[in-house]
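What follows is a single structure, written as structure tokens, with notes after it.
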Amino acid sequence: MTEDAEIPLTGGERTAVTRRGSVVLREAGPWTRSVHALLRHLREVGFEGAPRVVGDGFEEHDREVLTYTDGKVINPAPWSDEAIWKLGDLIRRLHEATATFRPPSDAVWRGWFGRSIGKADIICHCDAAPWNVISRHGNAVALIDWEAAGPVDRLTELAMIAWNNAQLYDDDVAERNRLPDTESRMRQVRLFADGYCLAAPERHRLGYRIIEFAAESAANEVIEQGITPKTEHVPRVWGIAWQTRSVAWLLRNRSALERALV
């Protein structure tokens, strides 16, 4: 790859993302400067699991410019038990780093349905699903795609991360993705909580919050696609399908989930 060549990157569901040499370029939005303030803070406090803002953060075509994060995205493959524990540790260190962040007085954050779940008490990534987690040697080391960053309830963010990274999906999806059995995936939720050092009272609440988040995510998918009684074609029907089925699966296995977190 030449230094000037731009290579499209996977992800960037809403905006095009390309790599040019050692930097990543993405169409900027009203929230970009606020996200850059957060990323600069993370660098200042020594958190290494996030990209860096390059220069003033923008290039001539009004795209944001961040450093490229080297590594792999393992999705849809499952994490190992060791890796998901280390993911919990990574998120704990991230939350500790963001705790001292004071956003600009004119901060703007991208809209996200998860902000309405619980009461926002931190500002953080808000989309640390496995497709946004970079691994090296099989372990989670960094997060990419920070455009959804903003205020969030800490337990809500943990619920979203646990749901997607332990892949608490129904049996059909588990078979398609060659996931471990139900017991193993529930154990990974506990290992994630262990890596995060989540206190007992919050563990008791995490199981329900995972189900709540999955249900809200499925509902939001319907809203985003503008589905009405007159809708005949659904462009992203699989997004609705797997999330709705995940909610049903979680409800059937709620006792196992809650036992795993004890």
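Following my numbering, the numbering of the sequence shown begins with 1159 at its first residue and continues without gaps. A virtual CB, placed ideally from N, CA and C, is assigned to each residue, including glycine. Source: prediction; values computed, not measured.
Have a look at the options and flag the residue whose alpha-carbon is nearest the alpha-carbon of residue i.
i, options, result
"Leu1419", "Gly1296, His1362, Ala1399 and Val1212", "His1362"
"Gly1229", "His1295, Trp1321 and Thr1389", "His1295"
"Gln1383", "Val1395, Ala1373 and Glu1374", "Val1395"
"Trp1304", "Ser1404, Val1405, Gly1207 and Leu1408", "Gly1207"
"Ile1392", "Val1380, Arg1403, Trp1400 and Gln1401", "Here the sequence assigns Val to residue 1392, which means Ile is not the residue at that position. Among Val1380, Arg1403, Trp1400 and Gln1401, the Cα nearest to that of Val1392 belongs to Val1380."
"Val1181", "Ile1302, Ser1413, Tyr1354 and Ala1324", "Ile1302"
"Ala1298", "Glu1240, Ile1281 and Pro1262", "Glu1240"
"Ala1265", "His1283, Glu1164, Thr1190 and Val1331", "Thr1190"
"Ser1238", "Gln1401, Leu1337 and Tyr1366", "Leu1337"
"Arg1432", "Ile1165, Gly1365 and Leu1224", "Residue 1432 is absent from the model: the chain starts at 1159 and stops at 1420."
"Ala1317", "Gly1204, Ala1287, Phe1205 and Thr1340", "Ala1287"
"Thr1340", "Ile1398, Ser1274, Leu1415 and Ala1306", "Leu1415"
Taking the Cβ atom as the reference point for each residue, do residue i and residue j lie within a distance shorter than 9 Å?
i, j, result
"Ala1300", "Leu1356", "no"
"Glu1185", "Ala1174", "yes"
"Trp1289", "Asn1233", "yes"
"Gly1269", "Val1310", "no"
"Ala1351", "Ala1320", "yes"
"Asp1328", "Ala1406", "yes"
"Val1347", "Ala1376", "no"
"Leu1313", "Arg1367", "yes"
"Thr1256", "Cys1282", "yes"
"Asp1162", "Gly1179", "yes"
"Tyr1354", "Gly1246", "yes"
"Thr1168", "Val1223", "no"
For residue i, verify whether its CB is less than 8 Å away from any heavy atom of the ligand ADP.
i, result
"Phe1271", "This structure lacks the ligand ADP, and indeed carries no ligand of any kind."
In angstroms, rounded to a whole number, what distance separates the CA positions of residue i and residue j?
i, j, result
"Leu1409", "Asp1220", "45 Å"
"Asp1279", "Glu1374", "19 Å"
"Leu1252", "Pro1209", "13 Å"
"Arg1345", "Ile1292", "22 Å"
"Asn1411", "Arg1334", "19 Å"
"Glu1370", "Glu1315", "12 Å"
"Trp1243", "Ser1342", "13 Å"
"Gly1308", "Phe1216", "20 Å"
"Arg1198", "Val1211", "7 Å"
"Thr1176", "Thr1389", "34 Å"
"Pro1261", "Val1193", "9 Å"
"Ile1331", "Trp1400", "Here residue 1331 is Val; the residue named in the question, Ile, does not match the sequence. Whole-angstrom Cα-Cα distance: 7 Å."
"Ser1404", "Glu1218", "43 Å"
"Lys1277", "Asp1285", "17 Å"
"Pro1387", "Glu1254", "46 Å"
"Arg1413", "Thr1402", "The sequence given here places Ser at residue 1413; Arg does not occur at that position. Roughly 19 Å separates the two Cα atoms."
Ordered list of alpha helix (DSSP H) runs contained in the region 1190-1237, each at least 4 residues: 1190-1202
Please list the segments of the alpha helix (DSSP H) lying wholly inside the region 1254-1339, counting only runs of 4 or more residues, in order along the chain. 1312-1323 and 1329-1334
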